[in-house]
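Notes for the one structure printed next.
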Amino acid sequence: MEKKAIDRATKVRAIRKEIRRLKKERDKFKGEAKAAKAELAKQGKQAVACIQNKVDVVFLVLCLFLSARIGFRAIARVLAVLAPYLGLLKTPCPQTVSNYVSRLSIAKMQTFVQSLGNAAGGAMQTVWLIDISIGLGSGKILSVLALNLRHHEQNEYAPGLADVQCVATAVEESWNGETIAEFLRKVFAKVGFFSRCFPQRRRNRS
Numbered sequence: 000m001e002k003k004a005i006d007r008a009t010k011v012r013a014i015r016k017e018i019r020r021l022k023k024e025r026d027k028f029k030g031e032a033k034a035a036k037a038e039l040a041k042q043g044k045q046a047v048a049c050i051q052n053k054v055d056v057v058f059l060v061l062c063l064f065l066s067a068r069i070g071f072r073a074i075a076r077v078l079a080v081l082a083p084y085l086g087l088l089k090t091p092c093p094q095t096v097s098n099y100v101s102r103l104s105i106a107k108m109q110t111f112v113q114s115l116g117n118a119a120g121g122a123m124q125t126v127w128l129i130d131i132s133i134g135l136g137s138g139k140i141l142s143v144l145a146l147n148l149r150h151h152e153q154n155e156y157a158p159g160l161a162d163v164q165c166v167a168t169a170v171e172e173s174w175n176g177e178t179i180a181e182f183l184r185k186v187f188a189k190v191g192f193f194s195r196c197f198p199q200r201r202r203n204r205s
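For the sequence shown, position 81 matches number 80 in numbering that gives the first Met the number 0, and the numbering has no gaps at all.
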């Protein structure tokens, strides 16, 4: 009995020693994590000058959408991660990102219509709408619809199905910026519109 009591006491002391060691390591890691968090907060405050105003935020959002070719939700998540380094106190939500892109599209359409006049016809008089909201089995249907650029000038109602023409459709397991761009290049080439909208750069011949 005495030997068992001694063995039990030895095990208890060993367990207590291990617990003290673990607590010490835990406190050390907590301290390091707290210091790292404080350093990140400090860097975030120092980076306030990176974003001066709302115009900078809109510009950054549009760059991520047009150049990085990522979606509205992805842009919101990226900005949330970069916020401490950019000095952003509040980041735009996906709906706000969508509004920024829509306003850019409207502004470009208005500018294009004003510069177009009555000189061009055919495809140059339409704007293409892309929709990937319809599912087909495990895939997604991409639809390209053409809408008259002057619809809002000529009508007092929002465009409906009767006001658009189907240009092309395709089905893929998933769509992203790269696959959509590649599909549109093929469509442009078929309708003879690609060279007018996206002229290729000429190579210098030596």
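Think of the CB as a built atom: it goes at the ideal place given N, C-alpha and C, for glycine as much as any other residue.
| Asked | Found |
| --- | --- |
| Do LEU148 and GLN124 have their CB atoms nearer than 7 Å? | yes |
| I'd like to check one pair, PHE71 with SER97: are the Cβ atoms closer than 7 Å? | yes |
| Return the residue from the list TYR99, CYS92, LYS27 and LYS89 that minimises the CA-CA distance to PHE58. | TYR99 |
| For LEU135, which residues from the same chain have a beta carbon less than 8 Å from its beta carbon, with the 5 sequence-adjacent residues on both sides left out? | VAL170 |
| Give the range of the alpha helix (DSSP H) segment to which GLY176 is assigned. | 176 to 190 |
| Provide the residue(s) that pair with GLU207 in DSSP beta bridges, ordered along the chain. | Residue 207 lies beyond the range of the chain shown here (0 to 205); nothing can be said about it. |
| If I measure Cβ to Cβ from GLY120 and keep anything under 6 Å in the same chain, skipping five residues before and after, which residues do I get? | Unreliable positioning characterises GLY120 in this predicted model, as indicated by a pLDDT of 49, which lies under 50. A coordinate reading is not provided. |
| Tell me the rounded alpha-carbon separation between LEU78 and LEU146. | 33 Å |
| If contacts are defined as beta-carbon pairs under 8 Å, then VAL143 and ILE129 qualify, I think. What distance do you get, rounded to the angstrom? | 6 Å |
| Going by C-alpha to C-alpha distance, which of PHE182, ASN175, THR9 and LYS185 sits closest to SER66? | ASN175 |
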